[in-house]
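Chemist: Sequential numbering of the sequence shown, starting at 2, is according to the numbering used here. Beta carbons are placed, not taken as given, at the ideal position from N, Cα and C, and that holds for glycine. To start, I am sharing the structure in question, which I have written as structure tokens.
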Amino acid sequence: MRLKVSNVTRERLLADRAERAESFADRFVGLMGRKSLAFGEGLHIVPCNSIHTFFMRIPIDVAFLDRDGVIVKQFVALPPWRATSVYFQAKSVLELPAGALEASGTQEGDRLVFEPVV
2 MRLKVSNVTR ERLLADRAER AESFADRFVG LMGRKSLAFG EGLHIVPCNS
52 IHTFFMRIPI DVAFLDRDGV IVKQFVALPP WRATSVYFQA KSVLELPAGA
102 LEASGTQEGD RLVFEPVV
């Protein structure tokens, strides 16, 4: 399923071609092996409260979201071969191309909304 992701706090579009990873296999693989991630693309991992970037080739922006879509923790340009802490408040994670959060002015406390793209 393709998703449009908007930051409703800042009235900014974060992605218009994001995908959702809900199965164990999709969540486990995530973005591993991808050579690039273009602006407009992203991966919403549900459920999730911790990630790693092992075996990844690119840095990514990461937003940990609570059940209401509010960012409880974010990382800008998280490099490959890193692991985050567990954020118990987080129920999902949005992974975006490095620079997407900064370019949109997105900050912790902002609320994101996900809509299916038809």
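(1) Taking Arg21 as part of the alpha helix (DSSP H), name the residues at either end of that continuous run.
(2) Confirm, please, whether the CB-CB distance from Gly100 to Arg13 is below 9 Å.
(3) Using a Cβ-Cβ cut-off of 9 Å, state whether Val119 counts as contacting chain B.
(4) Classify Pro117: buried if its beta carbon has 16 or more other beta carbons within 10 angstroms, exposed otherwise.
(5) Could you check whether the region 24–37 touches the region 70–86, counting it as contact only if at least three pairs of C-beta atoms, one from each stretch, sit closer than 8 Å?
(6) Using CA atoms only, rank isn't needed, just tell me which of Gly70, Ala64, Gly41 is closest to Ile52.
Modeler: Walking through what the data contain:
(1) Your numbering for residue 21 matches position 20 in the sequence shown. Unbroken run through Arg21 is the beta strand (DSSP E), 13–22; no alpha helix (DSSP H).
(2) By 1-based counting over the sequence shown, the position of residue 13 is 12. By 1-based counting over the sequence shown, the position of residue 100 is 99. Taking 9 Å as the Cβ cut-off, Arg13 and Gly100 do not qualify as a contacting pair.
(3) Here there is only one protein chain, and chain B is not present.
(4) The residue labelled residue 117 in the question sits at position 116 within the sequence shown. Counting Cβ neighbours within 10 Å, Pro117 comes out exposed, since fewer than 16 surround it.
(5) no
(6) Indexing the sequence shown from 1 puts residue 52 at position 51. Ranking Gly70, Ala64, Gly41 by Cα distance to Ile52 puts Ala64 first.
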